Each structure stands twice: as C-alpha cells, then as structure tokens.
Amino acid sequence: MIRKKDIIIAIFSLGFTIISPFIFHSYYEGKPESTNQNIVFGAPFPFAEQTISFPEDSDSYPLEVKFTSPFEKETDYKVVPFLFSFFSYFLLFFSLYTIFSRYITRKPKHEEEPA
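Each residue of the sequence shown is one higher than the one before, starting from 0 at the first, in numbering that gives the first Met the number 0.
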C-alpha cells in the first residue's frame with residue numbers, strides 16, 4: 000500500500016529529476032571535431048538531448064554548455080534514462096528519509112540498574 004510519505008518522496012524525486020538538466024552542465028576542455036553535436040543533459044542518467052553549435056574560435060575553450068529551456072530550443076527526451084534517473088533519486092531520498100527518521104524517532108535505551 001502506498002503511504003503518504005512515499006507519494007511525497009516520489010513527487011520530490013520527480014521534481015529533482017526534471018530540474019537536473021538545468022543543474023548539471025556539459026564541460027568541454029577543447030574544441031570538438033564537429034561544431035554541431037547532440038549533447039545529452041541530466042543526471043545521474045542523461046535523458047534530455049539538444050543540438051548545440053560550438054564556436055569555431057579555439058580561444059573560446061574551455062566551454063561550459065548549459066541546458067536551454069525546452070520552450071526555447073527543440074529537445075528530445077529519452078524515456079528509459081529518465082525513469083532510471085527518477086528511480087535513482089527516489090531511492091536516494093527514500094533512504095535518506097528512512098535513516099533520518101529512524102535516528103530522530105529512535106527510543107532511548109534504558110539500562111537496568113545493578114542490584
């Protein structure tokens with residue numbers, strides 16, 4: 000049976016999965032061979048793919064490429080990596096919640112007095 004805490008953790012995990020492409024960027028140390036490439040964003044399993052045009056000038060590197068909003072640029076989403084990311088975040092947040100709740104709600108041990 001699904002409990003309220005599971006639904007809250009699932010919503011929190013879904014939200015974090017959706018914003019992960021905006022948090023984690025791609026970094027290029029040098030100029031790539033092709034100036035137009037498909038770059039995949041997201042974490043821990045990249046799932047949002049965008050086509051990026053790199054600058055021709057070698058002085059522009061190192062370059063940090065940021066995810067552009069899907070409303071501004073065409074974005075392809077991959078379902079399986081998205082689900083893997085969601086489940087990874089769900090398991091992470093669920094385990095952290097369980098550890099902290101057990102630590103906080105733990106009953107103190109009472110030692111018996113020696114006779």
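All C-beta atoms in this analysis are idealised placements derived from N, C-alpha and C, irrespective of residue type, glycine included. These numbers come from a predicted model, not from an experiment.
Here D75 is not near E32, since their CB atoms are 7 Å or more apart.
When S57, E110, P69 are compared, the shortest CA-CA separation from K30 is found for S57. With a beta-carbon spacing of about 21 Å, T16 and F99 fall beyond the 8 Å limit used to define contacts. For the pair F89 and F66, the CB atoms are not nearer than the 7 Å cut-off. Take Y102, set aside five residues on each side of it, and no residue of its chain has a beta-carbon closer than 7 Å to its own.
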